[in-house]
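*Asks:* Below is the structure I would like to discuss, written out as structure tokens.
Residue numbers (the working numbering): 1391 to 1545.
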């Protein structure tokens, strides 16, 4: 995960970034294609083995993923689990352990009101103190609507 973040940062800082918005998905997230000096960032990340093609929704980047897999680049160096499957497993465990089955932790720190989903690297270290105004959320949308933000995952 950190390798992918580093690869994205390197690409984004290598030139002028422009994004072409293609609409929003069912979660109101913006869908688009971003390029740095004309180079498709998504294609570059998938080609280097730092991301998967999102085959469930698009055929974009399938060729790049197949090439990266055949060459054993990045995530394809060993047996790998798709991010969505990893998150689903973490979510299921979090639901079992969380109060009322709401596994997202709303933490207050000097950096503000930050929510941690079960796949966050800081999740297991985050303790919730309801007396201090911290709380649990059932979805990321609920946390965002309440004014909390996701953690920064960069270096």
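Virtual Cβ for every residue (Gly too), placed ideally from N, Cα, C.
#1: Taking the runs of the alpha helix (DSSP H) that are 4 residues or longer, which of them lie wholly in the region 1454-1531?
#2: Run through DSSP, which three-state label would residue 1408 get?
#3: So, with DSSP's three-state summary, where would you put residue 1422?
#4: From which residue to which residue does the alpha helix (DSSP H) around residue 1432 run?
#5: Rounded to whole angstroms, what's the CA-CA distance from residue 1538 to residue 1471? Just pull it up for me.
#6: Determine the contact status of residue 1459 and residue 1438, defining contact as a CB-CB distance below 8 Å.
#7: Quick check on residue 1524: buried or exposed, where buried means 16 or more other Cβ atoms within 10 Å of its Cβ?
#8: What's the C-alpha gap between residue 1478 and residue 1509?
#9: Compute the distance between the beta-carbons of residue 1526 and residue 1496, then report whether it is under 8 Å.
#10: Could you check the C-alpha separation between residue 1425 and residue 1520 for me, to the nearest Å?
*Replies:* In this structure, then:
#1: As summarised for the region 1454-1531, the continuous alpha helix (DSSP H) elements at least 4 residues long and confined to that stretch are 1473-1487, given in chain order.
#2: strand
#3: strand
#4: 1431-1437
#5: 29 Å
#6: no
#7: buried
#8: 9 Å
#9: Cβ distance < 8 Å, so residue 1526 and residue 1496 count as in contact.
#10: 43 Å
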